[in-house]
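See below for the structure under consideration.
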Ligand SMILES: [Fe+2]
Ligand SMILES: [Fe+2]
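Numbering (my numbering), first residue to last: 1 to 258.
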């Protein structure tokens, strides 16, 4: 069985200190194939917030894959945001545009749906270009046939209907259709601060999976993270919720692997 922890939206600067400490202790007590962090590591893209995020990542045992979110570009340093939107992220955390992980029966590809600037009023929303999808599909094409295929990005590619906020990802629907058609099992994201599992309506063999937040910016459900277990014929996802003193299963989903 493959066992993955999926965390998101820690927003260092606004992190939920006791919940994050408990999550970290739990992560380091487990045997996990991979720890995934799907963006929004910081609050305002400040250097000190990135340092805290880097120190936290380095405190984790075992492999991890991290992608940036819309908060991981400087909020106040406008010129830097224009010229080098993910420079701070790359210096502290690692590659912003693409990161990959291949393990036994597991292939994970992370990409960046956040942008420093956009030709629309709300720069917090996401984008994914056809070229980004091309690159992801070319990478997945060379992964072992029996590997579970997971794509990781910050913004949900299609909307979480009934959710507390939108991603409005330019290119998202088309990207999700192509990923599902290519046999990707799960598309993992954050941004909404609420955990969810939603099979794509146009191709139910692929599901969108959102992780909640470990920041204090809760949006209608407790701080938490997801644990994903994958066997040859099933995927189980448990959203762990913070009670104020411990994590307990808050909601769970099971899906057959096809
Ligand atoms: Fe966030
Ligand atoms: Fe976000």
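Glycine included, C-beta positions come from ideal geometry on N, C-alpha and C.
Is residue i near ligand 1, going by C-beta to nearest heavy atom under 7 Å?
i	result
residue 193	yes
residue 72	no
residue 173	no
residue 69	yes
residue 190	yes
residue 213	yes
residue 9	yes
Mind checking residue i: buried by the 16 CB within 10 Å criterion, or exposed?
i	result
residue 1	exposed
residue 194	buried
residue 81	buried
residue 59	exposed
residue 78	exposed
residue 34	buried
residue 117	exposed
residue 149	buried
residue 40	buried
residue 48	exposed
residue 15	buried
residue 219	exposed
residue 240	buried
residue 70	buried
residue 134	exposed
residue 185	buried
residue 17	exposed
Between residue i and chain B, is the shortest Cβ-Cβ distance under 8 Å, so that the two count as touching?
i	result
residue 43	Given the protein chain composition of this structure (a single chain), no chain B is represented.
Tell me whether residue i counts as near ligand 2, meaning its Cβ is closer than 7 Å to at least one heavy atom of that ligand.
i	result
residue 259	What is shown of the chain runs 1 to 258, which leaves residue 259 out entirely.
residue 210	no
residue 154	yes
residue 259	The displayed coordinates of the chain run from 1 to 258. Any statement about residue 259 would go beyond what the structure contains.
Using the three-state DSSP reduction, which class does residue i fall into: helix, strand or coil?
i	result
residue 202	coil
residue 182	coil
residue 73	coil
residue 27	helix
residue 234	strand
residue 197	strand
residue 3	strand
residue 97	coil
residue 208	strand
residue 114	coil
residue 251	strand
residue 224	strand
residue 18	helix
Query raised in the report: Which runs of the alpha helix (DSSP H) fall wholly inside the region 120 to 171 and span at least 4 residues, in chain order?
Result: 130 to 141
Report task. Please go through the region 31 to 66 and give each complete alpha helix (DSSP H) segment of 4 or more residues, from N-terminal end onward. Result -> 47 to 58
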